[in-house]
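In the numbering used here, the protein residues as written are 18 to 403. Beta carbons are placed, not taken as given, at the ideal position from N, Cα and C, and that holds for glycine. Treat the numbers as computed from the prediction; the structure is a model and nothing was measured.
Structural data, given as structure tokens:
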């Protein structure tokens, strides 16, 4: 007879603690198969308002399950579209696979409330309860196991493990504060960020590492310098340092791509490019980079716009757009005639600095026989008229 474990929960989100605990249970119980089953609508309390759709929790759990062998991630509870009861899930599995012994795997808090569950007598008759808990809860859990055995004939087993001292509730709070990265598998963290779940604000260490791996060694000092300068400019002019830092870290995210790769991204995302951009390879990465940053890193519209316009500028630029344009221009590794004057002006008069930078950029391009983009001239005229 096969031995199967059932590990359910909201998995909101699934974290390393879930996986470590269920791996210990699978090994100690010598299970042939493990079912991971996210709850659709839990019976005991509603999901928090910022919870993802059931399908998204299911997708995250599938990512988490890659670390486990002989594991099935099932949508049987999310597909019901109503309150999910463990007894119903157990019954459904027993109907499909009658020649299987079932273990219900759960944490200590859940186990201590199990007597309140729907059709708990059915659960006790047709499964063994496997419990993992914190070390300080062990005696309390063992006492409850004895009580359930005497009163219900319940079969229970204690799983030896060191549960990670983190709850999904605490993890959701941490994600809003650019924390919690260490409690999630990398692909799950990336999924949360790209789908903008839980109000997440990406950990800057992660964001920077994801950006730098896309650059060659020569460009890395430029990205780091732009990040440094953007934060300083934001602090000087009352901008948002976090948004400035994000924009700077990601501003050249597609710069390393060749023109044909840039054009493929434009086609993929429906990015409209003009006749000047298609002839000037260095302009394309601003538009493609903004879109890739939006799709993969969950950036705000303000950051998107700053990256989108950072090569040419435009009329009526926002504060963040000005900051990124100038930080990119004056970061510490840049060296050209007039840069000391421009750097000084950036911290005295931002608009005058922007006018000077735009003028210098236009002249430099013309000296190389490159047609400047009309948006740069439009940005200059706007500043002259302001």
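| query | result |
| --- | --- |
| Could you check where the alpha helix (DSSP H) with residue 258 kicks off and where it finishes? | 258-267 |
| Among the residues of its own chain, which have a CB less than 6 Å from the CB of residue 223, if the five just before and after it don't count? | 198 |
| Closest to residue 33 by C-alpha separation, out of 200, 220, 210, 96, would be which residue? | 200 |
| Using a Cβ-Cβ cutoff of less than 8 Å, which residues in the same chain neighbour residue 27 once the five nearest sequence positions on both sides are dropped? | 55, 56, 59, 64, 68, 74, 185 |
| Among residues of its own chain, excluding the 5 on either side of residue 188, which ones have a beta-carbon nearer than 8 Å to its beta-carbon? | 30, 32, 197, 200, 201 |
| Checking the sheet assignment: what are the DSSP bridge partners for residue 332? | Paired residues: none, contrary to the question. |
| Hey, how far is the Cα of residue 88 from the Cα of residue 121? | 14 Å |
| For residue 78, tell me which candidate among 148, 204, 227 has the shortest Cα-Cα distance. | 204 |
| Look at the alpha carbon of residue 339 and the alpha carbon of residue 356, and state the distance between them as a whole number of angstroms. | 17 Å |
| Please look up how many angstroms separate the CB atoms of residue 11 and residue 119, rounded, as I've assumed it's under 8 Å. | The chain is shown only over 18 to 403; residue 11 falls outside these bounds and no answer can be derived. |
| Taking only beta-carbon atoms, is residue 346 less than 7 Å away from chain D? | Absent from the structure is chain D; it holds one protein chain and no more. |
| Residue range of the alpha helix (DSSP H) that residue 186 falls in? | 185-193 |
| Given a cut-off of 7 Å, decide if residue 261 and residue 248 are closer than it, judged by their beta-carbon atoms. | yes |
| According to DSSP, residue 355 sits in a beta bridge with which residue or residues? | Bridge partners of residue 355: none, in fact. |
| Where do the ends of the alpha helix (DSSP H) carrying residue 391 lie? | 391-402 |
| Hey, quick one: how far does the alpha helix (DSSP H) through residue 162 stretch, first residue to last? | 155-169 |
| Where are the alpha helix (DSSP H) runs, 4 residues long or more, that stay fully inside the stretch 80-114, in chain order? | 103-113 |
| Less than 8 Å between the CB atoms is what I'm expecting for residue 288 and residue 228, so what's the real figure, rounded? | Not a contact, Cβ separation roughly 20 Å. |
| Suppose the cutoff is 6 Å on Cβ atoms and the five residues either side in sequence are ignored; what does the same chain contact list for residue 19 look like? | 49, 117 |
| Taking the runs of the beta strand (DSSP E) that are 3 residues or longer, which of them lie wholly in the stretch 358-384? | none |
| With a threshold of 8 Å on Cβ separation, who are the neighbours of residue 166 within its own chain once the five nearest residues in sequence on each side are excluded? | 172, 173 |
| Need the endpoints of the alpha helix (DSSP H) that residue 325 sits in, please. | 318-325 |
| Look at the alpha carbon of residue 318 and the alpha carbon of residue 194, and state the distance between them as a whole number of angstroms. | 19 Å |
| Out of 323, 23, 231, 237, point me to the one whose CA is closest to residue 263's CA. | 323 |
| Runs of 3 residues minimum, wholly inside the stretch 23-82: which ones carry the beta strand (DSSP E) assignment? | 50-55 |
| From the DSSP secondary-structure annotation, give me the bridge partner or partners of residue 120. | 22, 145 |
| Identify whether residue 309 lies in helix, strand or coil by the three-state DSSP scheme. | helix |
| If I measure Cβ to Cβ from residue 41 and keep anything under 6 Å in the same chain, skipping five residues before and after, which residues do I get? | 176, 178 |
| Is DSSP giving residue 179 helix, strand or coil here? | coil |
| Excluding five sequence neighbours on each side, which residues of the same chain lie with their C-beta closer than 6 Å to the C-beta of residue 300? | 294, 328 |
| Residue 326 to residue 382, Cα distance in whole Å? | 17 Å |
| Take residue 153 as the anchor and find which of 72, 182, 76 has the nearest alpha-carbon. | 182 |
| Any heavy atom of the ligand MN within a distance shorter than 6 Å of the CB on residue 137? | In the structure shown, the ligand MN is absent, as is every other ligand, since no ligand is present at all. |
| Could you tell me which residues DSSP puts in a beta bridge with residue 173? | 146 |
| So is residue 391 buried or exposed if we call it buried at 16+ other beta carbons inside 10 Å? | exposed |
| Measuring alpha carbon to alpha carbon, tell me which residue in 396, 52, 226, 47 is nearest residue 369. | 396 |
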